[in-house]
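Data first, discussion second: the structure below is written as structure tokens.
Protein chains in written order, with our numbering: chain A, 1 to 123; chain B, 124 to 328.
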């Protein structure tokens, strides 16, 4: 197993920490002929699956009334960057129930406070 | 060298720069030792016998193996396989993954995963019957032959039975990368067998 993780380490990229329930903005590289442009895609992370370099995440947004879900490989070179816009407060690992909810019911609660430890204050 | 013996480590995937995902299998191959060079005069055909998986524990080595190894002056190995002759091969030579390069096409042979006793649909790709609408003929093989002639079932008629655990060879497998420090071959796509299975990698000439 070590040989696999060693190989995968080389293909991993620096990505910000994000979790299921977060609202993220994914900037995706799109190749059009000779030109490459960047297409932003914003929505809620409803699932993360897989591990290592094979990990993927699903981003759901509602675009003009139609639900759209895109699955991105976390370490794909196609992703320019991932920005966490809002941290969500959720109790499940997969938010597939959002597919059946509309309007206010499909809202994800924002995390009340940041749980990451702050540097110790000097008195 | 024309071939090498290895062990299947498992699968993963890697990315190309444009984001394309390439599925890969890792094979820990070699180092193998040339244990014997077979010649037309002595053996009737030409081949090199490679040894892989050196036996380090004394209790693993029986007297027959010890005698054979002492005679040719090589270390005792757990696995022996024959490959086509490379004219430069001498007894005692070590074969490593260095002989392969990224982009090479190889032939890979291994014993496939055992599937147990399987029906004809999975084992022989028979089409079976309709799944629903009151059909009571679902996965059965159907008729196995005619009546008065031949009054018996033809030989080799496909029937349910044991599936898997047979030697499978895959041609035109592309090597993506070679890592000599780790004795690693990175191969595109899948390779027969379970993790840890013995794999023979041959150059396609």
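Think of the CB as a built atom: it goes at the ideal place given N, C-alpha and C, for glycine as much as any other residue.
Status (buried if at least 16 other CB within 10 Å, exposed otherwise) for residue i
i, result
"residue 139 of chain B", "exposed"
"residue 72 of chain A", "buried"
"residue 306 of chain B", "buried"
"residue 328 of chain B", "exposed"
"residue 212 of chain B", "buried"
"residue 14 of chain A", "exposed"
"residue 144 of chain B", "exposed"
"residue 255 of chain B", "exposed"
"residue 290 of chain B", "exposed"
"residue 166 of chain B", "exposed"
"residue 181 of chain B", "exposed"
"residue 260 of chain B", "exposed"
"residue 272 of chain B", "exposed"
"residue 297 of chain B", "exposed"
Option nearest residue i by Cα separation, candidates the options
i, options, result
"residue 65 of chain A", "A:80, A:112, A:106", "A:106"
"residue 31 of chain A", "A:110, A:89, A:78", "A:78"
"residue 133 of chain B", "B:318, B:327, B:326", "B:318"
"residue 9 of chain A", "B:196, B:129, B:137, B:128", "B:137"
"residue 50 of chain A", "A:109, A:27, A:111, A:93", "A:93"
"residue 25 of chain A", "A:82, A:34, A:54, A:55", "A:82"
"residue 310 of chain B", "B:229, B:246, B:204", "B:229"
"residue 304 of chain B", "B:220, B:159, B:141", "B:220"
"residue 156 of chain A", "B:175, B:313, B:201, B:147", "Only positions 1 to 123 of chain A appear in this structure, which leaves residue 156 of chain A out of reach."
"residue 177 of chain B", "B:186, B:198, B:247, B:251", "B:198"
"residue 62 of chain A", "A:55, A:46, A:54", "A:46"
"residue 142 of chain B", "A:99, A:54, A:98", "A:54"
"residue 95 of chain A", "A:48, A:87, A:104", "A:48"
Per-residue contacts from residue i into chain A (C-beta, under 7 Å)
i, result
"residue 142 of chain B", "76, 77, 78"
"residue 307 of chain B", "3"
"residue 132 of chain B", "3, 4"
Under 8 Å from the C-beta of residue i: neighbouring residues of chain A
i, result
"residue 151 of chain B", "3"
CB contact flag (residue i, residue j, <8 Å)
i, j, result
"residue 173 of chain B", "residue 155 of chain B", "yes"
"residue 38 of chain A", "residue 69 of chain A", "no"
"residue 232 of chain B", "residue 323 of chain B", "yes"
"residue 44 of chain A", "residue 28 of chain A", "no"
"residue 286 of chain B", "residue 241 of chain B", "yes"
"residue 57 of chain A", "residue 84 of chain A", "no"
Interface partners of residue i on chain B, CB under 9 Å
i, result
"residue 73 of chain A", "136, 138, 142, 144"
Neighbour list for residue i in chain B, Cβ cutoff strictly below 8 Å
i, result
"residue 95 of chain A", "Those do not exist, as residue 95 of chain A stays about 25 Å from chain B at its closest Cβ, beyond 8 Å."
"residue 98 of chain A", "What residue 98 of chain A touches in chain B: nothing, since even the nearest Cβ is about 27 Å away."
"residue 54 of chain A", "135, 136"
"residue 31 of chain A", "141"
Chain B residues whose Cβ lies nearer than 7 Å to that of residue i
i, result
"residue 8 of chain A", "135"
"residue 11 of chain A", "137, 138"
Which parts of the segment 212-269 of chain B are runs of the alpha helix (DSSP H), unbroken and 4 residues or longer, counting only runs that do not cross its ends?
243-247
My parser needs the beta strand (DSSP E) runs of 3 or more residues fully inside the segment 131-172 of chain B; what are they?
144-152, 155-161
Can you check the segment 168-199 of chain B for any beta strand (DSSP E) of at least 3 residues that lies completely inside it and give the ranges in chain order?
170-177
Can you list, in chain order, the stretches of the beta strand (DSSP E) that have 3 or more residues and sit fully within the segment 5-89 of chain A?
23-32, 35-49, 56-63, 66-73, 79-86
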